[in-house]
Structures are given as structure tokens and as C-alpha cells.
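*Asks:*
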Ligand SMILES: Nc1ncnc2c1ncn2[C@@H]1O[C@H](COP(=O)(O)OP(=O)(O)OP(=O)(O)O)[C@@H](O)[C@H]1O
Ligand SMILES: [Mg+2]
């Protein structure tokens with residue numbers, strides 16, 4: 005395939021993925037907006053004022069970046085894992101397998117679809133959040149890059165989950181038992197400064213902490229962790245997951261008998 | 008170069024250890040219309056799956072128009088179109104999108120893909136259904152959708168795994184005409200089917216596999232020529248009480264107005280009519296008992312005349 009043909013093929017997968025989640029927007033875009041709005045109402049408006057300040061900011065303003073990030077993470081992941089597993093389950097992954105598509109284009113196509121979903125949901129949630137808080141943007145470049153990188157990372161993770169999944173149950177295990185706890189403990193609702201020294205250390209092993217913290221820095225201009233370190237860690241994860249996903253595709257794990 | 012497909016010593020052991028292919032070698036010439044036959048579970052779909060890299064082979068070598076499927080992956084793919092045995096499209100996607108997307112996976116720009124989708128959907132009688140979700144199509148329409156999808160990148164080798172399963176007679180005949188036209192225009196076609204009449208009608212060359220081994224590979228003419236005895240069914244105008252005598256003896260009585268005649272290959276059939284006329288027996292019509300290829304086939308895969316499989320006991 006020529007580079008131009010590869011680009012066409014990549015765009016085909018991406019557009020197909022975007023159409024897929026747009027067609028079922030009531031299941032893909034609306035739920036995260038509803039859930040996040042509930043968080044805004046309960047933690048921000050109702051309980052927030054009693055909590056007072058967090059890290060020197062109104063509680064509402066403190067949690068909004070984390071909540072947006074949480075929506076981006078879960079939706080990027082969910083998009084790729086369900087799309088990829090679905091295409092395996094209904095066998096239409098074979099449409100790609102009989103074509104000359106190189107495996108890395110398949111990986112990149114599905115990942116790009118996950119990023120598109122993550123960004124769409126992220127935008128929708130951000131719009132809603134503007135009704136609850138008047139956040140200012142401190143550093144737009146950091147904001148945009150970290151959210152795209154995070155979305156990339158979890159799209160790749162979702163792809164790997166989709167490759168391994170053998171049933172529809174398998175695609176909800178990781179979100180339930182890994183993603184949600186890591187996100188809750190990733191400093192969405194509190195600053196790790198509040199934790200005892202030991203638990204601060206433990207928290208540092210949680211990659212989501214870095215992403216949430218850096219994203220919040222993009223809004224508030226303060227962070228618990230050096231921003232450069234975050235980029236390094238997120239970049240490292242993306243590279244590792246990408247190579248692993250590519251390896252799985254190359255050996256045909258779960259897709260080529 | 009005159010070879011479209013070359014398979015050397017192909018073997019496949021599935022993950023559960025089952026040896027589905029035990030060393031298959033096959034050459035198919037450019038422009039051929041080739042039948043790949045065999046009973047259920049023989050290994051036809053496994054072979055085809057390997058050609059299209061849906062299945063990883065255990066060992067052996069496959070070349071498509073001289074492109075090794077391992078080393079020259081992308082070139083081999085560009086030449087090959089597959090109509091699989093099982094439906095494998097997204098049933099929620101609109102018909103037209105399925106075909107256009109497939110073009111996209113082959114690097115064909117959307118503009119061109121849309122034009123080609125129109126051409127092939129029209130040729131296969133699906134244009135009116137282009138906006139329907141694939142799940143709204145009937146079984147026969149779904150098969151035709153898979154043919155349109157397989158053609159959209161205009162491959163030189165088209166592989167069809169039981170394309171006429173569940174297709175009504177009229178559509179089947181039009182599908183045959185369509186495939187003949189494609190073949191006449193230069194596309195090499197490989198076809199599997201359990202309708203042996205179909206294979207005899209369409210295909211010039213044939214391979215039969217059974218239990219993962221190639222048991223026959225020749226031209227259709229040669230193979231049919233191997234048939235030693237042909238059985239005909241005679242319908243009589245008036246009932247007969249006893250079996251009419253003939254010289255040589257070749258008749259069996261099925262019921263009062265139906266006889267079966269076994270005729271040796273190369274023998275004239277005139278003697279039979281002469282002798283029956285002399286006895287005042289009038290034959291209304293005559294037909295082959297089974298399709299000729301079917302008779303051979305049953306013989307080769309180890310079925311006795313009683314139609315029971317020896318290995319099934
Ligand atoms: N994924 C698999 N794992 C283990 N064995 C398999 C697998 N797929 C097929 N087989 C076995 O391999 C053998 C060949 O199967 P294949 O699908 O190639 O047969 P076929 O000739 O296409 O038959 P049919 O006419 O029924 O379509 C069968 O015995 C089948 O049970
Ligand atoms: Mg089969």
C-alpha cells in the first residue's frame with residue numbers, strides 16, 4: 005500500500021468509528037453528560053460549599069477538571085473496547101483482515117475513534133460544567149495536549165482489552181475493577197497533599213493521578229506534580245501500550261485462528 | 008506467468024490440536040473457473056481462510072499471482088476478493104456503507120469507492136436496498152452483498168465459499184451468469200459448493216479434498232470421463248407387472264411405471280429402446296438419476312451405492 009492509500013484506509017476506519025458512536029449518541033454521549041452533571045450538582049453545589057476550599061480553590065472549581073478527565077478516560081476506553089470486541093464477535097473485523105491494511109493502521113484507526121469519542125464527551129461535559137463553575141483557562145496548550153494524550157492512552161488500553169475479551173462480560177471487568185478505582189483515587193476529588201506521607205507515595209504509582217493533576221494545572225495553574233514528569237509518564241505508557249497492541253495484532257491474538 | 012494461485016504442502020493444526028489440513032498442494036491457472044469440493048468438514052473453508060489470512064497456516068507456502076502471502080502480504084491482498092461462507096458484515100451498517108468502507112480499507116478513495124459501490128450494487132440487484140441496514144436484507148440478498156463487497160477493489164482472484172447456499176433458483180441462475188461473465192472478463196474464480204450440478208455447470212477444473220487431503224485434482228471433463236456407469240431413470244406410459252428382459256441385462260424396477268437403467272460408459276443406449284419397443288413398452292421420458300459429478304463424488308469420498316458413508320458406521 006502506498007502512504008496515500010494507507011491514509012485513505014485510516015480515514016475510513018476513523019469515520020466509520022465516529023459514525024458508529026454518533027448513530028447511538030443516546031448511549032454514548034448522553035450518559036456521561038448526565039452522570040457528570042450529577043457529580044456537579046451533588047459534590048459541587050450541594051456538598052461543596054460545606055467542604056470549603058481545596059488546594060486554595062472553591063471545591064467545585066477544584067473537582068471540575070478531574071470530572072471532565074474522568075469522562076474522557078471512561079469513554080475513550082469504552083468506545084474502543086466495545087467497538088473492537090463487537091467487530092470480533094460479529095466477525096466484521098474480517099473485513100479489515102482480508103484487506104491489505106497494515107496492523108498499525110488498524111491500531112491507529114481504532115485508537116483515533118476512541119480519541120474522537122473521548123473528545124466529544126469531554127467537550128459536552130465541559131460545556132455543562134460552565135453552568136456550574138466559572139473556570140478560567142490557565143494554559144490552553146497543556147489542557148489540549150494532556151487530554152488528547154490521556155484519551156490516546158486509554159483508547160489503546162481499551163483496544164488491548166478488546167483483543168483479550170472473550171465475552172461481553174470481559175469488557176466491563178477492567179472499567180469496573182481498575183479504571184473506576186484508579187480514577188477515584190487519582191485525585192479527582194481531593195489533593196494528595198491531604199493524605200499521610202505513606203499514602204501520598206502509594207498514590208504516585210497511579211498513572212491517572214498525573215493526568216488529572218496536569219489537566220487541572222491547565223485550568224488552575226497549580227499542580228501537585230511537575231508537569232514535565234506527567235508528560236514523560238503518559239508518553240511512556242502510550243508507547244508501551246501501542247507496541248503491545250501492535251504485537252497482539254501481529255500474532256493475530258484472538259482474531260486470526 | 009500463468010499461475011493465479013499456487014499452494015505448496017499446506018498444513019493446518021488448530022489450537023485444539025485438530026489437524027484440519029494434512030499437506031495440500033494445488034495450482035490454479037490464471038483465468039480458470041475452479042471448483043474446490045469436499046464433504047462437510049473436509050477443510051475447504053480452512054484452506055480459503057489461509058489464502059485470505061483469516062487463519063494462520065501451520066506450514067506450507069501460498070502464492071497469489073506470484074506474491075507470497077507472508078512476504079508480499081499487501082500485494083497478495085490487493086489481488087484477492089473473498090465471499091466467505093458465514094455472513095461477516097456489521098448488520099447495523101447500511102448496505103452502501105459496507106461496500107464503500109471495504110473499498111476504503113483497500114486504500115480506494117471514497118469518491119471512487121462510492122462509484123464502484125453503485126456499479127456492483129446495481130449489478131447484483133441491491134441498489135434499491137442501499138440505504139437499508141444489512142440486517143434488513145434477506146439471506147440471498149446478504150450473499151449478494153458479500154459478492155459486491157468482494158468485488159469493490161476489483162480483484163483478479165475471486166474466492167467464493169458456498170455463495171449460493173440458501174439462494175433461490177432464479178437468483179442462483181442469475182448469479183451463475185454473473186460469475187460466468189466475470190470469469191469471461193478475466194477474473195480467476197475459485198468456488199466451493201455442495202451443489203455438484205453447479206460445479207459441473209460452471210467450473211473447468213476441480214479439486215476434491217476430504218479429511219484435509221487432496222483426493223482429486225483434474226479437469227472437469229477428465230473427471231466426468233472417469234465415470235464408468237451412468238444410471239438413467241425411465242418413466243413408462245403404461246405400468247408393467249414384471250421386470251422387462253434385456254440383453255445385456257441392465258434394468259431395475261423401481262415401481263410399475265419407473266425403471267432404472269445402468270449403462271456402461273461408451274455404450275450406445277439405442278439397444279435399450281429397441282428392445283423395450285419390441286416388448287411394447289413405451290418410454291415417456293428419461294433423465295439422469297443423479298448428476299454425473301455427484302455419482303463420482305459419492306464414490307470418491309467413500310460412499311457406497313446405498314448412499315451411506317463407510318466411515319460413518
Ligand atoms: N477454529 C477451529 N478449531 C478447531 N477445529 C476447527 C476450527 N475450525 C474448523 N475446524 C475443524 O476443521 C475441519 C475443517 O473445517 P472447514 O470449515 O475447513 O470445513 P469445510 O470443508 O469448509 O466444511 P463445510 O462444507 O461444512 O463448510 C473440521 O473438522 C472442523 O471441525
Ligand atoms: Mg466451509
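Chains as they are written, first to last, in the numbering used here: chain L, 5 to 261; chain F, 8 to 320. Glycine is no exception: its CB is placed at the ideal position from the N, C-alpha and C atoms. In this text the structure is predicted, and so the values were computed from the model without any measurement.
#1: Roughly how many angstroms lie between the CA atoms of residue 54(F) and residue 73(F), to the nearest whole one?
#2: Pull up the distance between the alpha-carbon of residue 284(F) and that of residue 236(F), whole angstroms please.
#3: If you follow the alpha helix (DSSP H) that residue 129(F) is part of, which residue opens it and which one closes it?
#4: How would the residue list near ligand 1 read, in chain order, if you kept each one whose beta-carbon is closer than 6 angstroms to any heavy atom?
#5: Is it buried or exposed for residue 158(F), if we count other Cβ within 10 angstroms and need 16 for buried?
#6: Report the residues of the segment 108-136 of chain F with a CB closer than 9 angstroms to any CB of chain L, ordered along the chain.
#7: Starting from residue 302(F) and walking both ways along the alpha helix (DSSP H), at which residues does that stretch end?
#8: Consider the Cβ of residue 26(F): report whether some Cβ of chain L lies at a distance smaller than 8 angstroms.
#9: Contact check, residue 101(L) vs residue 260(L) under 8 angstroms by CB: the rounded distance?
#10: Work out the CA separation of residue 150(F) and residue 136(F) for me, nearest whole Å.
#11: Following a CB-centred definition, is residue 168(F) positioned closer than 7 angstroms to any heavy atom of ligand 2?
#12: Report the neighbours of residue 5(L) on chain F: residues whose CB is nearer than 7 angstroms to its CB, in chain order.
#13: Identify, in the order they occur along the chain, each residue of the same chain with its Cβ nearer than 7 angstroms to the Cβ of residue 123(F), setting aside the five sequence neighbours on each side.
#14: Based on DSSP bridge pairs, tell me the residues matched to residue 198(F).
#15: Which whole-angstrom value is the C-beta distance of residue 156(F) and residue 195(F), which I expect to be below 8 angstroms?
#16: Compare the C-beta of residue 340(F) with all C-beta atoms of chain L and state if any pair is closer than 8 angstroms.
#17: Contact defined as beta carbons within less than 8 angstroms: I believe residue 202(L) pairs with residue 163(L). What is the distance between those atoms, to the nearest angstrom?
#18: Between the alpha carbons of residue 184(L) and residue 50(F), how many angstroms are there, rounded?
#19: Using only alpha-carbon positions, find the residue among 140(L), 139(L), 120(L) that is nearest to residue 156(L).
#20: Note down, in chain order, every chain F residue with its Cβ under 7 angstroms from the Cβ of residue 16(L).
#21: Please state whether DSSP places residue 106(F) in a helix, a strand or coil.
#22: Using a Cβ-Cβ cut-off of less than 9 angstroms, give me the residues of the segment 54-68 of chain F that come near chain L, in sequence order.
#23: Tell me, please, whether the CB atom of residue 31(L) is closer than 8 angstroms to any CB atom in chain F?
#24: Hey, quick one: how far does the beta strand (DSSP E) through residue 228(L) stretch, first residue to last?
#25: Going along chain L in order, which residues have a C-beta closer than 9 angstroms to the C-beta of residue 95(F)?
#26: Using a Cβ-Cβ distance under 8 angstroms, would residue 252(L) count as near chain F?
#27: Taking C-beta pairs closer than 8 angstroms, name the residues in chain L that residue 84(F) reaches, listed in chain order.
#28: Look at the Cβ atom of residue 80(F), then the Cβ atom of residue 7(L), and state whether they are nearer than 8 angstroms.
#29: With 8 angstroms as the threshold, decide whether the Cβ of residue 315(L) is near any Cβ in chain F.
#30: Evaluate contact between the segment 72-88 of chain L and the segment 54-66 of chain F, counting only Cβ atoms and requiring at least three cross-stretch pairs below 8 angstroms.
#31: Inspect the CB distances between the segment 198-217 of chain F and the segment 34-51 of chain F and report whether three or more fall short of 8 angstroms.
#32: With DSSP collapsed to three states, give me the class of residue 190(L).
#33: Compare the C-beta of residue 202(F) with all C-beta atoms of chain A and state if any pair is closer than 8 angstroms.
#34: Under 8 angstroms between C-beta atoms, does residue 204(L) make it to chain F?
#35: Shorter than 8 angstroms from the beta carbon of residue 91(F) to some beta carbon of chain L?
*Replies:* In brief:
#1: Locating residue 54(F) in the second chain gives position 47, where the first residue counts as 1. Locating residue 73(F) in the second chain gives position 66, where the first residue counts as 1. Taking the straight line joining both Cα atoms gives about 18 angstroms.
#2: One-based indexing of the second chain puts residue 284(F) at position 277. One-based indexing of the second chain puts residue 236(F) at position 229. Rounded to the nearest angstrom, the two C-alpha atoms are 23 angstroms apart.
#3: Sequence index remark: in the second chain, residue 129(F) carries index 122 (1-based). Taken as a continuous stretch (DSSP letters only), the alpha helix (DSSP H) holding residue 129(F) covers 117-130.
#4: Here the residues come out as 261(L), 21(F), 23(F), 25(F), 27(F), 45(F), 47(F), 48(F), 49(F), 50(F), 51(F), 52(F), 53(F), 92(F).
#5: Numbered from 1 along the second chain, position 151 holds the residue referred to as residue 158(F). Classification of residue 158(F): buried, given that the 10 Å Cβ count is 16 or more.
#6: Per Cβ criterion, the list reads 108, 109, 110, 111, 112, 113, 114, 115, 116, 117, 120.
#7: The residue you call residue 302(F) lines up with position 295 of the second chain. Boundaries of the alpha helix (DSSP H) around residue 302(F): 299-307.
#8: Counted from its first residue, the second chain places residue 26(F) at position 19. Taking CB atoms only, residue 26(F) has no neighbour in chain L less than 8 angstroms away.
#9: Position 97 of the first chain holds residue 101(L). Position 256 of the first chain holds residue 260(L). Their Cβ separation, rounded to whole angstroms, is 7 angstroms, which keeps residue 101(L) and residue 260(L) in contact under 8 angstroms.
#10: Taking the first residue of the second chain as position 1, residue 136(F) is located at position 129. Taking the first residue of the second chain as position 1, residue 150(F) is located at position 143. It is roughly 14 angstroms from the alpha-carbon of residue 136(F) to the alpha-carbon of residue 150(F).
#11: Sequence index remark: in the second chain, residue 168(F) carries index 161 (1-based). At a threshold of 7 angstroms, residue 168(F) counts as near ligand 2, since its beta carbon sits closer than that to one of the ligand's heavy atoms.
#12: In the first chain, the residue the question calls residue 5(L) occupies position 1. Here the neighbours are 81, 114.
#13: Position 116 of the second chain, counting from 1, holds the residue named residue 123(F). Result list for residue 123(F): 110, 159, in chain order.
#14: By 1-based counting over the second chain, the position of residue 198(F) is 191. DSSP lists 42(F), 167(F) as the bridge partner or partners of residue 198(F).
#15: Walking along the second chain from the start, residue 156(F) turns up at place 149. Walking along the second chain from the start, residue 195(F) turns up at place 188. Here residue 156(F) is actually not in contact with residue 195(F); their C-beta atoms are around 18 angstroms apart, not less than 8 angstroms.
#16: Within the shown structure, residues of chain F are numbered from 8 to 320, placing residue 340(F) beyond reach of any answer.
#17: The residue you call residue 202(L) lines up with position 198 of the first chain. The residue you call residue 163(L) lines up with position 159 of the first chain. Actually they are not in contact, since the Cβ atoms of residue 202(L) and residue 163(L) sit about 35 angstroms apart, beyond 8 angstroms.
#18: Indexing the first chain from 1 puts residue 184(L) at position 180. Indexing the second chain from 1 puts residue 50(F) at position 43. Distance between the alpha carbons of residue 184(L) and residue 50(F) is about 46 angstroms.
#19: Residue mapping note: residue 156(L) aligns to position 152 of the first chain, counting from 1. Of 140(L), 139(L), 120(L), the residue nearest in Cα terms is 120(L).
#20: As a first step, residue 16(L) must be located in the first chain, where it is residue number 12. Under the 7 angstroms cutoff, chain F gives 108, 111, 112.
#21: The residue given as residue 106(F) occupies position 99 in the second chain. Residue 106(F): helix per DSSP, three-state reduction.
#22: Listed by position, the residues of the segment 54-68 of chain F near chain L (Cβ gap below 9 angstroms) are 56, 59, 60, 61, 62, 63.
#23: Locating residue 31(L) in the first chain gives position 27, counting from the first residue. It does not: the Cβ of residue 31(L) has no partner Cβ on chain F nearer than 8 angstroms.
#24: If you number the first chain from 1, residue 228(L) lands on position 224. Here residue 228(L) belongs to no beta strand (DSSP E), and DSSP marks it neither H nor E.
#25: Numbered from its first residue, the second chain carries residue 95(F) at position 88. One finds 94, 95, 96, 97, 98, 99 in chain L with Cβ atoms closer than 9 angstroms to the Cβ of residue 95(F), taken in chain order.
#26: If you number the first chain from 1, residue 252(L) lands on position 248. Not closer than 8 angstroms to any Cβ of chain F, the Cβ of residue 252(L) fails to qualify, so no.
#27: By 1-based counting over the second chain, the position of residue 84(F) is 77. In chain order: 102, 103, 104.
#28: Translated into the one-based positions of the second chain, residue 80(F) becomes position 73. Translated into the one-based positions of the first chain, residue 7(L) becomes position 3. In this structure, residue 7(L) does not lie closer than 8 angstroms to residue 80(F) by Cβ.
#29: Limits of chain L in this structure are 5 at one end and 261 at the other, which puts residue 315(L) out of reach.
#30: No, the segment 72-88 of chain L is not in contact with the segment 54-66 of chain F.
#31: The segment 198-217 of chain F vs the segment 34-51 of chain F: in contact.
#32: Stepping through the first chain from its first residue, residue 190(L) is reached at position 186. Looking at residue 190(L) - three-state DSSP - the assignment turns out to be helix.
#33: Among the chains of the structure shown, chain A does not appear; the protein chains present are L and F.
#34: The residue given as residue 204(L) occupies position 200 in the first chain. By this cut-off, residue 204(L) is not an interface position.
#35: To locate residue 91(F), count along the second chain from 1; it is residue 84. Interface residue, yes.
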